[in-house]
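Reminder that position 91 of the sequence shown reads as 91 in the UniProt record's numbering, one-by-one numbering, no gaps.
Note that beta-carbon positions come from the ideal geometry of N, C-alpha and C, so glycine has one too.
Model, not experiment: these values are computed from the prediction.
Everything on this sheet refers to the single structure shown next.
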Amino acid sequence: MPNREDDEWENGPSKEEDDEEYDDEDEDGDDDEDDELAGLMMDGVPIELVDTKDFNEDVDTKPLTAAHGIATCLYNLHPNALRAFLDTDKYNSVEWGNKFQYSKKAQDKGALLIIARNDRVVTFGTYLNMDDGWECQASFGIKEDGSWKPISGYIWGDAITNPTTIRGAGRNMTVDVFHQKRWKKSTYGTAKITLDINGKRTVNPHWLYQKSSAKICTYCKKKPEKLLQCSRCRSTWYCSKDCQTHDWDIHRNLCEAPQNQEHETIGT
């Protein structure tokens, strides 16, 4: 995580710092949730985020759905990622992917968690590879009233069409996302987290609804007298090392991209 005022970051964080598990101080997203999510609906009801800090499906009696998993995962990635996912008028397609490994074993080829919306079709699942296909997946169509209609799905490569089974697959995905906190980089340091908007790859969610500004911190939105600039891409500013560290899982994909990659503001 480079910045102009500290040479130790010039070539990015050390391996120990880069592999350290990201600690989201507000994983449940409820501290600032009211203002940012006011009026937004998902699956025909107001958005409801789940506190995953001490999540235990045995004691949590909430009837979890795919919508709970998608909303909580994207919000923890960044509130704008969730907002864009719901914004069918502005963004025709939104796709988020996190490639991870279940273990350090050489034979573990990893999997890709995918949350996507293409027009009014939602896909939520874990894809293994071309040979094994989907480990678990559920697809829904967004109806005119905003509710989600089960369309299709997969369980260990086998197609499922029963609506109840599809909703069950969505719930299973949600439980896995909550337990493993899949919005974070992989425990084994192999994650490649990307957010694609309208076909533009590796979009920084901070920029989806506002222009990047040197007057505010990209992560916390505060306006201190002094800001640190990322020395590698020169396009992002932070008020402290803490904010830069918290934002690294997202910013690294843009910052480490080829120099000729398009880094424009989307949707302004």
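Whole-number beta carbon distance between residue j and residue i, since they are thought to touch under 8 Å
i	j	result
Y219	D247	4 Å
L74	A81	4 Å
W134	Y102	W134 to Y102, Cβ: 15 Å. No contact.
residue 321	S147	The question about residue 321 has no answer here: the residues shown for the chain are numbered 1 through 268.
The ligand NAP heavy atom lying under 6 Å from the CB of residue i
i	result
H78	Absence of the ligand NAP from the depicted structure is noted, as is the absence of any ligand whatsoever, leaving it without description.
6 Å CB neighbourhood of residue i in its chain, flanking five on each side removed
i	result
P163	P150
K222	C239
N118	S93
G69	M173, T174 and V177
Alpha-carbon spacing of residue i relative to residue j, whole angstroms
i	j	result
E204	V50	This sequence places Asn at residue 204; Glu is not what is there. Rounded to whole angstroms, N204 to V50 spans 24 Å at the Cα level.
G170	T202	25 Å
N198	Y91	6 Å
V121	G141	5 Å
C136	M173	7 Å
I47	Y127	26 Å
K200	C230	22 Å
R252	K99	15 Å
Y22	G157	Unreliable placement is indicated for Y22, whose pLDDT of 31 sits below 50; the coordinate value is still reported in the next sentence. If you take the alpha carbons of Y22 and G157, they lie about 32 Å apart.
K62	I166	18 Å
I250	D145	33 Å
A116	F85	8 Å
D196	P79	15 Å
W183	V45	23 Å
K105	E225	48 Å
L113	R83	19 Å
D242	T194	22 Å
G168	A159	14 Å
Option nearest residue i by Cα separation, candidates the options
i	options	result
T123	I250, C217, V94 and R232	V94
K143	W207, K215, S240 and M42	M42
A111	N118, T161, H251 and K185	K185
N76	W96, S240 and K223	W96
D215	R232, L195 and T236	In the sequence on display, residue 215 carries Lys and not Asp. The residue with the shortest Cα to Cα distance from K215 is T236.
R232	E225, K226 and Q244	Q244
T88	D132, L40 and K105	L40
Own chain, CB closer than 7 Å to residue i, minus 5 neighbours either side, in chain order
i	result
K109	N129
L64	R171, T174 and V175
D55	The sequence shown places Phe at residue 55, rather than the Asp named in the question. Excluding sequence neighbours, F55 sits near F178 and H179.
L227	A214, C217, W237, Y238 and C239
C255	C230, R232 and C233
D132	G157
S139	V121, V122, T123, I151, S152 and G153
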